[in-house]
């Protein structure tokens, strides 16, 4: 598996797209700082450029918060949620600070960026080894079901014009709801999408 991760990191550095396992479903990763790679990701999925794509940031709690503060505004509510639920199935949408073109594309003009840290060993090792943020979006064609095995991903993309460049196989994943998505503003936290982490858990944390 070490060699597979090494190859996946190589592909990411070359601007390629990698299928990888998460704690919910298989995801698609590209280098979030590479504008050409981000464009490729949208084309690969057939995703509308007006729809944002989330990212995974490298590092453990303290390093992650420090790193994220360069990209987004991380307030006290976000810090509490990160400390309590990461790694885990929680995506936190925060005000965007970074001004690079890839960040603007990922945010789709919303002025915010969704970030999470999945609780899956391979996903965590991939982003740790890569050392930069990667995209986290389901490894499927836009509007199609999530995939829980590499064979299912390959089948869905079989007739597609664009295909992923590498598959990091984590075996068959247990079917799970997509991550809970919350938007954290200056003085409030809003649940955008219900998921494995409940509203009550969120409220009890903040």
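In the working numbering, the protein residues as written are 72 to 277.
Every residue, glycine too, gets a C-beta built ideally from N, C-alpha and C.
- DSSP lists 97 as the beta-bridge partner residues of residue 92.
- Closest option to residue 160, judged by alpha-carbon separation, among 257, 275 and 247: 247.
- Annotated as proximal: residue 208 and residue 99, with beta-carbon spacing under 8 Å.
- For the 8 Å CB-CB criterion, residue 212 and residue 116 form a contact.
- Counting only runs of at least 3 residues, the region 233-274 fully encloses the following beta strand (DSSP E) elements, listed from N- to C-terminal order: 251-255 and 260-264.
- In the DSSP assignment, the residues bridged to residue 125 are 207.
- Within 10 angstroms of the beta-carbon of residue 258 lie fewer than 16 other beta-carbons, which makes it exposed.
- In this structure, the CA atom of residue 168 is about 7 Å from the CA atom of residue 141.
- DSSP, reduced to helix, strand and coil, places residue 212 outside both helices and strands of the structure shown, so it counts as coil.
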